[in-house]
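Numbering (our numbering), first residue to last: 2 to 199.
Think of the CB as a built atom: it goes at the ideal place given N, C-alpha and C, for glycine as much as any other residue.
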């Protein structure tokens, strides 16, 4: 076995299992993510991207394998650099997908909490608050925290406005009761004067 045959065996022996195993893991994580979170729009875009990537990578893998068996010297000279680039691409892709999934999870959690808050407000529960994740520090995560702060502030302002309205209504009821009492006294006074007059 010469050097080119050893390189071919290593490239094909590592490349195909990594491609197949990596594809299964990526596809599995994406399916589980979509099942758990109802396929947010970014997850749909990611799924299409992943499928496109699979088609490209498997086509390249088949072409590389055929070339390496057709002309081993040319195959190794062309495929080895491509294989190294592919390995780096695979590592970057897995990292990016993981980061995107985490971002989607954070946003989805925020949207779920927001919907829960809106439903609570509609039920009259103005004590509901969305919790701020103080561990989050990235710009996007800070943006979510800003929305949480604004939402919680909005609920607090609605609560204060409701309390002011209830207080104002209570004051109006008190004033109305006082006016009714005054009118009752005036009516009684008129009745007394009318009886005295007759």
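Three-state secondary structure (DSSP) at residue 195? Note: residue 195 maps to helix in three-state DSSP.
Across the region 142-150 and the region 102-119, are there enough close Cβ pairs to call them in contact, namely three or more that are closer than 8 Å? Contact between the region 142-150 and the region 102-119 is present, because at least three Cβ pairs lie under 8 Å.
So is residue 77 buried or exposed if we call it buried at 16+ other beta carbons inside 10 Å? Residue 77 should be labelled buried.
Flag this pair as yes or no: are the beta carbons of residue 23 and residue 91 separated by less than 7 Å? Their beta carbons are under 7 Å apart, which means residue 23 touches residue 91 by this criterion.
Indicate whether residue 69 and residue 80 have their beta-carbon atoms separated by less than 7 Å. Yes. Within cutoff.
Does DSSP put residue 70 in a helix, a strand or coil? Helix at residue 70.
Is residue 1 helix, strand or coil by DSSP? Residue 1 lies beyond the range of the chain shown here (2 to 199); nothing can be said about it.
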